[in-house]
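S.K.: From first to last, the protein sequence lines stand for chains H and D. Residues in the first sequence are numbered from 3 upward in steps of one, following my numbering. Residues in the second sequence are numbered from 260 upward in steps of one, following my numbering. Note that CB positions come from ideal geometry on N, CA and C, so glycine has one too. Sharing a structure with you now.
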Amino acid sequence: MNAIPIRSSCNIRFTLNGRPVELDVRPEALLLDVLRDRLQLKGARRSCDMQVCGACTVLVDGGPVSACTYLGLEVDGHEVLTVEGLGTEERLHPLQEAFIEHGAVQCGFCTAGMLLTAKALLAEEPSPTLGRVAEYLRGNLCRCTGYRKILDAILSCATPGGEQR
Amino acid sequence: MLRPFALYRPSTVAEASEVLAREGRETSLYAGGTEVLLILKEGLLRVTSLVDVKRLPGLGEIRSENGHVLIGATATHRALESATVVQARCPMVAGVARHVANIRVRNVGTVGGNLAFADPHSDLATLFLAFDCVVRLEARGRRRELPLAEFVRGPYETAREEDELLTFVRLTPWPAGTTGAYVKFGLYERPTLSVAVALMSGGEGGAITGARVAVGCVGPRPQRAPEVEQRLRGWSPSDVVRHADEVARLAARDIEPVSDLHGSAEYKKDMTRVFVKRTLLVAAARVAGRRQDEHERYPHTIIV
Numbered sequence: 003m004n005a006i007p008i009r010s011s012c013n014i015r016f017t018l019n020g021r022p023v024e025l026d027v028r029p030e031a032l033l034l035d036v037l038r039d040r041l042q043l044k045g046a047r048r049s050c051d052m053q054v055c056g057a058c059t060v061l062v063d064g065g066p067v068s069a070c071t072y073l074g075l076e077v078d079g080h081e082v083l084t085v086e087g088l089g090t091e092e093r094l095h096p097l098q099e100a101f102i103e104h105g106a107v108q109c110g111f112c113t114a115g116m117l118l119t120a121k122a123l124l125a126e127e128p129s130p131t132l133g134r135v136a137e138y139l140r141g142n143l144c145r146c147t148g149y150r151k152i153l154d155a156i157l158s159c160a161t162p163g164g165e166q167r
Numbered sequence: 260m261l262r263p264f265a266l267y268r269p270s271t272v273a274e275a276s277e278v279l280a281r282e283g284r285e286t287s288l289y290a291g292g293t294e295v296l297l298i299l300k301e302g303l304l305r306v307t308s309l310v311d312v313k314r315l316p317g318l319g320e321i322r323s324e325n326g327h328v329l330i331g332a333t334a335t336h337r338a339l340e341s342a343t344v345v346q347a348r349c350p351m352v353a354g355v356a357r358h359v360a361n362i363r364v365r366n367v368g369t370v371g372g373n374l375a376f377a378d379p380h381s382d383l384a385t386l387f388l389a390f391d392c393v394v395r396l397e398a399r400g401r402r403r404e405l406p407l408a409e410f411v412r413g414p415y416e417t418a419r420e421e422d423e424l425l426t427f428v429r430l431t432p433w434p435a436g437t438t439g440a441y442v443k444f445g446l447y448e449r450p451t452l453s454v455a456v457a458l459m460s461g462g463e464g465g466a467i468t469g470a471r472v473a474v475g476c477v478g479p480r481p482q483r484a485p486e487v488e489q490r491l492r493g494w495s496p497s498d499v500v501r502h503a504d505e506v507a508r509l510a511a512r513d514i515e516p517v518s519d520l521h522g523s524a525e526y527k528k529d530m531t532r533v534f535v536k537r538t539l540l541v542a543a544a545r546v547a548g549r550r551q552d553e554h555e556r557y558p559h560t561i562i563v
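And the structure:
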């Protein structure tokens with residue numbers, strides 16, 4: 003019988019933005035708090051706190067999750083990508099370049115989530131239609147841009163062959 | 260922020276059931292967490308532990324069984340969307356799974372969690388009624404099956420006993436020659452109203468031999484509209500178009516909506532009429548071989 007629960011801290015190991023991380027987390031620690039408060043990665047934002055807005059989006063094994071409603075210990079043994087791991091200051095990710103080029107950023111609060119969701123989409127479907135991009139991004143809210151420039155930026159990266167990296 | 264809790268990770272259904280029996284109302288089932296973590300954060304549920312069912316063997320499977328489609332409780336919406344057996348036997352289910360909530364919820368949220376949470380604004384609960392869905396409940400040394408309509412009792416209330424787990428759901432695929440349409444309307448994350456229609460048109464000259472009409476999200480639980488289904492039988496697609504308004508009124512009459520943040524009961528009753536009619540028109544057009552692009556015409560509406 004294996005009915006002994008995890009009560010206090012639990013040691014987890016995972017890959018964060020390409021680097022191995024080992025950490026003790028409590029069962030109730032949310033991934034967003036682990037990233038922001040323990041690991042000082044502030045790219046994922048807490049906004050609606052009920053997985054409606056997408057500001058806290060991070061990728062776990064390439065799939066988008068709401069870090070605000072996801073237990074930190076679930077990433078044990080998995081790969082996590084936050085916006086900090088998307089590109090470097092010297093060499094931005096093509097999606098980041100495209101967002102700048104298309105003026106797809108205003109206040110910037112939603113941008114990390116938009117970029118990561120777009121990355122997940124392009125990894126799945128390198129050449130989505132405008133309709134498909136809008137459908138996939140439906141759960142990422144932006145109160146500034148009116149979306150058009152964000153969609154244009156993502157579509158500009160959607161060439162056959164997909165993402166470069 | 261979440262209050263502290265212990266996390267059980269049982270490896271068998273019997274073990275999980277034992278924890279549920281012992282902890283009672285002090286614990287809750289946990290899979291994707293898309294519902295339970297939200298209500299824990301809001302303080303609407305207080306527990307001292309969660310029982311993680313994601314490690315229970317076989318519960319993530321989706322497969323064919325004796326002509327039915329069997330879906331494991333911990334299969335995610337994304338798994339449902341991409342499962343070849345679902346795409347082949349119940350393509351409408353794969354299509355609707357693609358439009359549940361948002362990509363993050365679909366990525367981790369599970370079919371069993373969606374049904375067992377029994378939120379009245381569930382896409383799957385409405386749609387599955389049109390597939391004569393049966394749910395399987397298991398506890399230590401016990402197993403029973405019951406129709407989804409009996410499982411969902413009301414808002415956030417199901418027939419699941421405290422020590423039971425929802426392990427599988429079984430769908431009966433529509434027969435060949437069936438045309439379906441699923442239409443949902445809403446400005447929020449969860450639909451305000453949803454309608455699923457299936458027209459089985461194996462009869463002479465495309466006559467309808469059987470129909471399924473399910474309406475969800477407006478009342479405490481999704482409902483079939485048996486009287487409407489009866490009326491549709493024997494009709495041609497053009498009969499459906501001609502009488503759509505009349506049968507939509509019938510569907511609205513039999514629905515008992517409740518007022519909530521999505522709107523008043525009165526509003527929902529009238530919208531039921533409007534959307535049953537629209538869904539019937541979309542389905543009838545498809546039977547007649549036409550595919551209308553209704554998305555442009557109906558705002559805040561998703562048509563599958």
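1. Between E165(H) and chain D, is the shortest Cβ-Cβ distance under 7 Å, so that the two count as touching?
2. Under a three-way DSSP split, which group does Q53(H) fall into?
3. Entirely within the region 386-463 of chain D and at least 4 residues each: give me those alpha helix (DSSP H) ranges in chain order.
4. Note down, in chain order, each residue of its chain lying with its Cβ closer than 8 Å to the Cβ of V54(H), except the 5 sequence neighbours on either side.
5. Since V85(H) meets chain D, which of its residues come closer than 9 Å, beta carbon to beta carbon?
6. Taking 7 Å as the threshold (beta carbon to beta carbon), is A275(D) in contact with chain H?
7. Under 7 Å between the Cβ atoms of R532(D) and A503(D)?
8. Residue range of the alpha helix (DSSP H) that A473(D) falls in?
9. Rounded to a whole number of angstroms, what is the C-alpha to C-alpha distance between L374(D) and L386(D)?
10. Can you have a look at R490(D) and say buried or exposed, based on whether 16 or more other CB atoms are within 10 angstroms of its CB?
11. Within a Cβ cutoff of 6 Å, which residues of the same chain sit near G164(H), ignoring the five residues on either side of it in sequence?
12. How is G74(H) classed by DSSP in three states: helix, strand or coil?
13. How would you call I152(H), buried or exposed, if buried means at least 16 neighbouring beta carbons within 10 angstroms?
14. Please list the partners that E448(D) has in chain H, where partner means a Cβ-to-Cβ separation under 9 Å.
15. Using three-state DSSP, classify E165(H) as helix, strand or coil.
16. Establish whether the CB of L452(D) and some CB of chain H are separated by less than 7 Å.
17. Going by DSSP, what residue range makes up the beta strand (DSSP E) through P22(H)?
18. Can you check which of these residues, T113(H), V82(H), V27(H) and M52(H), is closest to I14(H) by C-alpha distance?
19. Excluding the 5 residues preceding and the 5 following R449(D) in the sequence, name in chain order all residues of the same chain whose CB lies nearer than 6 Å to its CB.
20. Strictly under 7 Å for the Cβ-Cβ distance: is N220(D) near chain H by that measure?
21. CB-CB under 8 Å to P432(D), same chain, minus the five flanking residues each way: which ones, in chain order?
22. Which ranges would you report for the beta strand (DSSP E) in the region 120-144 of chain H if only whole runs of at least 3 residues count?
23. Report the three-state DSSP secondary structure of Q346(D) (helix, strand or coil).
24. What are the partner residues of F16(H), as DSSP defines its beta bridges?
25. Would the beta-carbon of T426(D) fall within 7 Å of that of A332(D)?
26. Return no unless some Cβ of chain H is closer than 7 Å to the Cβ of A290(D).
27. Can you give me the C-alpha to C-alpha distance between R93(H) and A114(H), rounded to a whole angstrom?
28. Determine the direct distance from the alpha carbon of L73(H) to that of M260(D), and round the result to whole angstroms.
29. Can you list, in chain order, the residues of its chain with a C-beta nearer than 7 Å to that of Q166(H)? Leave out the 5 residues immediately preceding and following it.
30. Which residue spans inside the region 305-385 of chain D form an unbroken beta strand (DSSP E) run of at least 3?
31. Are G354(D) and V563(D) touching if we call contact CB-CB under 7 Å?
32. Which residue from P269(D), K300(D) and E301(D) puts its Cα closest to that of L288(D)?
33. Can the beta-carbon of R101(H) be found closer than 7 Å to that of A57(H)?
34. Given that L32(H) touches chain D, what residues does it touch there, using C-beta distances under 9 Å?
35. With a threshold of 7 Å on Cβ separation, who are the neighbours of F264(D) within its own chain once the five nearest residues in sequence on each side are excluded?
36. Say the cut is 6 Å; is the CB of E397(D) nearer than that to a heavy atom of the ligand PLP?
M.R.: Concretely, from the data shown:
1. Taking the first residue of the first sequence as position 1, residue 165(H) is located at position 163. Note that E165(H) scores 43 on pLDDT, short of 50, meaning its location in the model is unreliable and no value can be drawn from it.
2. For the purposes of this step, residue 53(H) is identified with residue 51 of the first sequence, where counting begins at 1. Coil, per DSSP.
3. 407-410
4. Within the first sequence, the letter at position 52 stands for residue 54(H). The answer, listed in chain order, is G141 and L143.
5. Here residue 85(H) is taken as the residue at index 83 of the first sequence, counted from 1. Going along chain D, no residue has its Cβ under 9 Å from V85(H), so there is no contact; the nearest lies around 15 Å.
6. For the purposes of this step, residue 275(D) is taken as residue 16 along the second sequence, with counting starting at 1. Not closer than 7 Å to any Cβ of chain H, the Cβ of A275(D) fails to qualify, so no.
7. Working through the second sequence from its first residue, we reach residue 532(D) at position 273. Working through the second sequence from its first residue, we reach residue 503(D) at position 244. No, the Cβ-Cβ distance between R532(D) and A503(D) is not below 7 Å.
8. Counting from one through the second sequence, the residue named residue 473(D) turns up at place 214. Not the alpha helix (DSSP H): A473(D) falls in the beta strand (DSSP E), residues G469 to G475.
9. Within the second sequence, numbered from 1, the residue matching residue 374(D) stands at position 115. Within the second sequence, numbered from 1, the residue matching residue 386(D) stands at position 127. Distance between the alpha carbons of L374(D) and L386(D) is about 11 Å.
10. As a working note, residue 490(D) is residue 231 in the second sequence. R490(D) comes out buried.
11. Mapped onto the first sequence, residue 164(H) falls at position 162. Interpretation of G164(H) is limited by its pLDDT of 45, a score under 50 that renders its predicted location unreliable; the figure taken from the coordinates is listed afterwards. Contacts found: L124 and P128.
12. Reading the first sequence from its first residue, position 72 is the one you call residue 74(H). Three-state result, G74(H): helix.
13. Residue 152(H) sits at position 150 when you count from the first residue of the first sequence. It counts as buried.
14. As a working note, residue 448(D) is residue 189 in the second sequence. Here the neighbours are M52, Q53, V54 and G141.
15. The residue given as residue 165(H) occupies position 163 in the first sequence. For E165(H), the pLDDT reaches just 43, beneath the cut-off of 50, and the residue's location in the model is therefore unreliable, leaving the point undetermined.
16. Working through the second sequence from its first residue, we reach residue 452(D) at position 193. Not an interface residue.
17. The count along the first sequence starts at 1 and reaches residue 22(H) at position 20. Element bounds for P22(H): R21 to V27.
18. Your numbering for residue 14(H) matches position 12 in the first sequence. Ranking the options by Cα distance to I14(H), first place goes to V27(H).
19. Mapped onto the second sequence, residue 449(D) falls at position 190. Taken in chain order, the residues that qualify are H380.
20. Residue 220(D) lies beyond the range of chain D shown here (260 to 563); nothing can be said about it.
21. For the purposes of this step, residue 432(D) is identified with residue 173 of the second sequence, where counting begins at 1. Counting only Cβ-Cβ distances below 8 Å, and skipping sequence neighbours, we find G326, H327, V328, R348, C349 and F390.
22. none
23. Within the second sequence, the letter at position 87 stands for residue 346(D). Helix, per DSSP.
24. In the first sequence, counting from the first residue as 1, residue 16(H) sits at position 14. In DSSP, F16(H) forms a bridge with V23(H).
25. Sequence index remark: in the second sequence, residue 426(D) carries index 167 (1-based). Sequence index remark: in the second sequence, residue 332(D) carries index 73 (1-based). Yes, these two residues count as a Cβ contact at 7 Å.
26. Looking up residue 290(D) in the second sequence gives position 31. By this cut-off, A290(D) is not an interface position.
27. What you label residue 93(H) is simply residue 91 of the first sequence in a count that begins at 1. What you label residue 114(H) is simply residue 112 of the first sequence in a count that begins at 1. If I take the Cα positions, the gap works out to 16 Å.
28. Translated into positions along the second sequence, residue 260(D) becomes position 1. Translated into positions along the first sequence, residue 73(H) becomes position 71. Roughly 11 Å separates the two Cα atoms.
29. For the purposes of this step, residue 166(H) is identified with residue 164 of the first sequence, where counting begins at 1. In this prediction, Q166(H) scores a pLDDT of 40, lower than 50, which makes its location untrustworthy; no coordinate-derived value is stated.
30. 308-311, 321-324 and 327-331
31. The residue you call residue 354(D) lines up with position 95 of the second sequence. The residue you call residue 563(D) lines up with position 304 of the second sequence. Result yes, Cβ atoms of G354(D) and V563(D) sit closer than 7 Å.
32. Position 29 of the second sequence, counted from the start, is the residue given in the question as residue 288(D). The shortest Cα separation from L288(D) among P269(D), K300(D) and E301(D) belongs to P269(D).
33. Taking the first residue of the first sequence as 1, we reach residue 101(H) at position 99. Taking the first residue of the first sequence as 1, we reach residue 57(H) at position 55. It is worth fixing the name first, because residue 101(H) is Phe in this sequence and not Arg. Cβ distance not < 7 Å, so F101(H) and A57(H) don't count as in contact.
34. Residue 32(H) sits at position 30 when you count from the first residue of the first sequence. Simply M260, L261, L296 and K300.
35. The residue you call residue 264(D) lines up with position 5 of the second sequence. Taken in chain order, the residues that qualify are V306, T307, S308 and L309.
36. Only the bare structure without any ligand can be found here, which leaves the ligand PLP out of the picture.
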